[in-house]
Amino acid sequence: MSPYVCNGDTVMDKDWRQQIIPLLPPPLQKAVAALKPPIISRLEEMRLRAGRPLILETDAGENFLGLKGLVTEPFQAYLVTAEDLHHILLQMTEFSLYARDEELKRGYLALPGGHRAGFTGRVVLERGEVKLLRDFNSINIRIAREVKGAALGLLPHVYCATKKRVRHTLLVSPPQAGKTTMLRDLARLLSDGDPQSGRPGFKVAIVDERSEIAGCYQGKPQLDVGMRTDVLDGCPKAEGMMMLVRSMSPQVVVTDELGRPEDVRAVEEVVNTGASVLTTAHAYDVQELIRRPSLAYLLKNGLFQRVIMLSRRRGPGTIEKIYNGAELSQWLQTEERNVG
Numbered sequence: 001m002s003p004y005v006c007n008g009d010t011v012m013d014k015d016w017r018q019q020i021i022p023l024l025p026p027p028l029q030k031a032v033a034a035l036k037p038p039i040i041s042r043l044e045e046m047r048l049r050a051g052r053p054l055i056l057e058t059d060a061g062e063n064f065l066g067l068k069g070l071v072t073e074p075f076q077a078y079l080v081t082a083e084d085l086h087h088i089l090l091q092m093t094e095f096s097l098y099a100r101d102e103e104l105k106r107g108y109l110a111l112p113g114g115h116r117a118g119f120t121g122r123v124v125l126e127r128g129e130v131k132l133l134r135d136f137n138s139i140n141i142r143i144a145r146e147v148k149g150a151a152l153g154l155l156p157h158v159y160c161a162t163k164k165r166v167r168h169t170l171l172v173s174p175p176q177a178g179k180t181t182m183l184r185d186l187a188r189l190l191s192d193g194d195p196q197s198g199r200p201g202f203k204v205a206i207v208d209e210r211s212e213i214a215g216c217y218q219g220k221p222q223l224d225v226g227m228r229t230d231v232l233d234g235c236p237k238a239e240g241m242m243m244l245v246r247s248m249s250p251q252v253v254v255t256d257e258l259g260r261p262e263d264v265r266a267v268e269e270v271v272n273t274g275a276s277v278l279t280t281a282h283a284y285d286v287q288e289l290i291r292r293p294s295l296a297y298l299l300k301n302g303l304f305q306r307v308i309m310l311s312r313r314r315g316p317g318t319i320e321k322i323y324n325g326a327e328l329s330q331w332l333q334t335e336e337r338n339v340g
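If you're matching positions, the sequence shown starts at 1 in our numbering and goes up one per residue.
Laid out in structure tokens, this is it:
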């Protein structure tokens, strides 16, 4: 994206600071507000762990933060207290923990601007299922970064111009390698279309189980996912895909982090309706991917027409390899026969 510049900061940088800094205790507000542009523009995560140093994660690595700025050694950094975590949690929930218990028991909260906070603490079980998360000991504030145009290089592989169809596509990468950013931008590009190139806009439906793709806050997408896009927020993927197919007649269904057997069955159902599927999975390579039985099943049966491997070797979203799904399916079946 070509960001607007305002006093040396992008509008996006100013937005995250306006949305995140007020959630912090006053001493940390000052320290974060004083950060220099290289950190401001590259910040990915703010890690706050009770009794341990405050760590800022960027795409270039980790930085320790003291009350007077960045420091080089952990012992020089600000030690986060339980009171700090309690303060932040109350601010994030607007002093009503119970109102957001459903999100908290899943380990995260959606924040304004599309940002998210992950939590760890003591889990309270009821009949073997998570009922509550209490006694919080760690908060991870994840900064949402919308990179418009990030997926332009993928578009010719995902969109078939001759058939004017979207190919069933699986984006694969290790954690924090940019696949959700690419997925979001693909949804936007396909939804908006491009009249100049003759690419039509598609009806896109997103199942955003953990509010990571559209970054919904109180039901409203905080990130641009396109003008023809409908978002089902906070819903399990398998159930959400079926709901959208029945109610919204999508041409493209988008979801994140495929893996459970019920997700795979839902993907098959979506494909049978004639809609295209765009989704993601965690893995470093194809060999790791096929060790997960549900994904191996989809790949061996050639459901995905394109499998795109991403890394962060040259920054998040680096395209490492693009597989033709039919060729990959044939190779996997041959390998299976050879092993057998």
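For glycine and all other residues, C-beta sits at the position ideal for the given N, C-alpha and C.
Exposure label - residue i; buried when at least 16 CB within 10 Å
i, result
"PHE304", "buried"
"SER249", "exposed"
"ASP385", "Residue 385 falls outside the range modelled here, since the chain spans only 1 to 340, and no answer is possible."
"VAL11", "For VAL11, the predicted structure reports a pLDDT of 42, less than 50, and the residue's modelled location is therefore unreliable. The matter cannot be settled from this model."
"PRO156", "exposed"
"PRO293", "exposed"
"PHE202", "buried"
"GLN222", "buried"
"ASN63", "buried"
"THR334", "exposed"
"LEU278", "buried"
"TYR4", "Because the pLDDT of TYR4 is 26, which lies under 50, any placement of that residue in the model is unreliable, and the number read from its coordinates should be weighed accordingly. So TYR4 ends up on the exposed side."
"PHE75", "exposed"
"MET92", "buried"
Closest Cα partner of residue i within the set the options
i, options, result
"GLY121", "ARG210, ASP285 and LEU48", "LEU48"
"TYR78", "GLU335, LEU56 and MET182", "LEU56"
"LEU189", "ARG100, ASP230 and LEU152", "LEU152"
"MET309", "VAL286, ALA326, LYS300 and GLU126", "VAL286"
"GLY178", "PHE119, GLY69 and TYR284", "TYR284"
Helix, strand or coil at residue i according to DSSP, with G and I counted as helix
i, result
"MET227", "coil"
"SER96", "coil"
"VAL267", "helix"
"HIS115", "coil"
"GLY274", "coil"
"LYS105", "coil"
"THR169", "strand"
"LYS163", "coil"
"GLU262", "helix"
"GLU146", "coil"
"LYS131", "strand"
"LEU35", "coil"
"LEU28", "helix"
"LEU152", "coil"
Alpha carbon of residue i to alpha carbon of residue j, nearest angstrom
i, j, result
"ARG291", "GLU94", "43 Å"
"VAL270", "VAL264", "10 Å"
"ILE341", "MET241", "Residue 341 is absent from the model: the chain starts at 1 and stops at 340."
"GLY8", "VAL225", "Because the pLDDT of GLY8 is 37, which lies under 50, any placement of that residue in the model is unreliable, and the question is left without a value."
"SER2", "GLU146", "Because SER2 sits at a pLDDT of 31, beneath the cut-off of 50, its placement in the model cannot be relied upon, and the following sentence gives the value as read from the coordinates. Straight-line Cα distance between these residues: approximately 11 Å."
"GLY61", "PRO175", "14 Å"
"VAL204", "SER329", "27 Å"
"GLU262", "VAL207", "14 Å"
"MET46", "ARG52", "13 Å"
"LYS131", "GLU103", "11 Å"
"VAL254", "ASN324", "20 Å"
"ALA275", "VAL252", "5 Å"
"GLU320", "TYR98", "44 Å"
"ARG306", "ALA31", "45 Å"
"VAL231", "LEU183", "14 Å"
Distance cut-off 8 Å: residue i Cβ against heavy atoms of the ligand FMN
i, result
"PRO38", "For the structure depicted, the ligand FMN is absent and the ligand set is empty, with no information on it obtainable."
3 or more residues per run - each beta strand (DSSP E) lying fully within the region 284-331
306-311 and 318-324
In chain order, which continuous runs of the beta strand (DSSP E) of length 3 or greater are located wholly inside the region 179-259?
204-208, 229-233 and 252-255
If we require 3 or more residues per run, which beta strand (DSSP E) segments fall completely within the region 42-82?
43-49, 55-58, 61-66 and 69-71
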